[in-house]
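These notes concern the structure reproduced below.
Residue numbers (this note's numbering), protein chains in the order written: chain A, 1 to 117; chain B, 1 to 115.
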């Protein structure tokens, strides 16, 4: 079974508008962490935001916020005021438990975001 | 600067010719992993190491070997590469001890093509 599902293979957004990238996850472990990474065309993995399973509030980092709905097992990334430089592949990932399998991250298939001017 | 250094960035090789992708981190991290990235599949863990001389298989270990003789280095070895190992590879390190937030550091990636 897929542990991380990103249902949007590709998305377009107009510059300066907000966009939501969807991520659902599946785990029976009460302790987990959810991550979003950005991968520009150059290929590197850029950490954006983290949400712990016990965190009471949704994580925010600048223009990025994570809409964490624990009961629905969703962890959507919201990018406000999109910029041309936001065009990239975005991955949702999960770490289950603490230090399991070398702190293994399980990744979704990714969503390609294109920002239009 | 805290970093994970992978080499080479790009590699084209022929089927069956042994190759090694190097990975080195300067943060004294206990945990290191190798991932491969394929279209539609995201990144998948190949092997991981929890400390020196402690390594184990991840989700897609077939055709790969690793070693961890020193804490900083975690090379990925393809003894007999095949075309289905054409992929983008990432090395990542993270600290141990406590749950952490965003504590993973990824290398820049190695784009491998096996012909």
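Built from N, CA and C at the ideal position, the CB exists for glycine as well. Note that this is a predicted model, so its numbers are computed, not measured.
(message) Within the continuous beta strand (DSSP E) that includes residue 157 of chain A, where are the two ends?
(response) Absent from the model: residue 157 of chain A. The displayed extent of chain A is 1 to 117, so no value can be given.
(request) Could you tell me whether any Cβ in chain A is nearer than 9 Å to the Cβ of residue 94 of chain B? (result) Looking up residue 94 of chain B in the second chain gives position 94. Yes, contact with chain A.
(message) Considering only their Cβ atoms, is the gap separating residue 26 of chain B from residue 72 of chain B smaller than 9 Å?
(response) Residue numbering aside, residue 72 of chain B sits at position 72 when the second chain is read from its first letter. Residue numbering aside, residue 26 of chain B sits at position 26 when the second chain is read from its first letter. In contact: residue 72 of chain B and residue 26 of chain B (Cβ atoms closer than 9 Å).
(message) Alpha carbons only, please: which of A:13, A:87, A:115, A:93 is nearest the one belonging to residue 26 of chain A?
(response) Position 26 of the first chain, counting from 1, holds the residue named residue 26 of chain A. The shortest Cα separation from residue 26 of chain A among A:13, A:87, A:115, A:93 belongs to A:93.
(message) Using a Cβ-based criterion (distance less than 8 Å to any ligand heavy atom), does residue 101 of chain A qualify as near the ligand GDP?
(response) The ligand GDP is absent from the structure shown, which contains no ligands of any kind.
(message) Contact criterion: CB-CB distance below 9 Å. Does residue 113 of chain A meet it with respect to chain B?
(response) Your numbering for residue 113 of chain A matches position 113 in the first chain. By this cut-off, residue 113 of chain A is not an interface position.
(message) Distance check for residue 69 of chain A and residue 20 of chain A, CA to CA, integer angstroms please.
(response) As a position in the first chain, residue 20 of chain A is number 20, starting the count at 1. As a position in the first chain, residue 69 of chain A is number 69, starting the count at 1. Answer to the nearest angstrom: the Cα atoms are 14 Å apart.
(request) Report the residue from A:117, A:96, A:56 whose alpha carbon sits nearest the alpha carbon of residue 82 of chain A. (result) Working through the first chain from its first residue, we reach residue 82 of chain A at position 82. For the residues A:117, A:96, A:56, the minimum Cα distance to residue 82 of chain A belongs to A:117.
(message) Against chain A, does residue 64 of chain B count as a neighbour if the rule is that its beta carbon must be under 9 Å from one of theirs?
(response) As a first step, residue 64 of chain B is located in the second chain; it is residue number 64 there, counting from the start. False, the Cβ-Cβ gap to chain A never drops below 9 Å.
(request) For residue 94 of chain A, decide whether its Cβ has a neighbour in chain B, counting only Cβ atoms nearer than 9 Å. (result) Your numbering for residue 94 of chain A matches position 94 in the first chain. At least 9 Å separates the CB of residue 94 of chain A from every CB of chain B.
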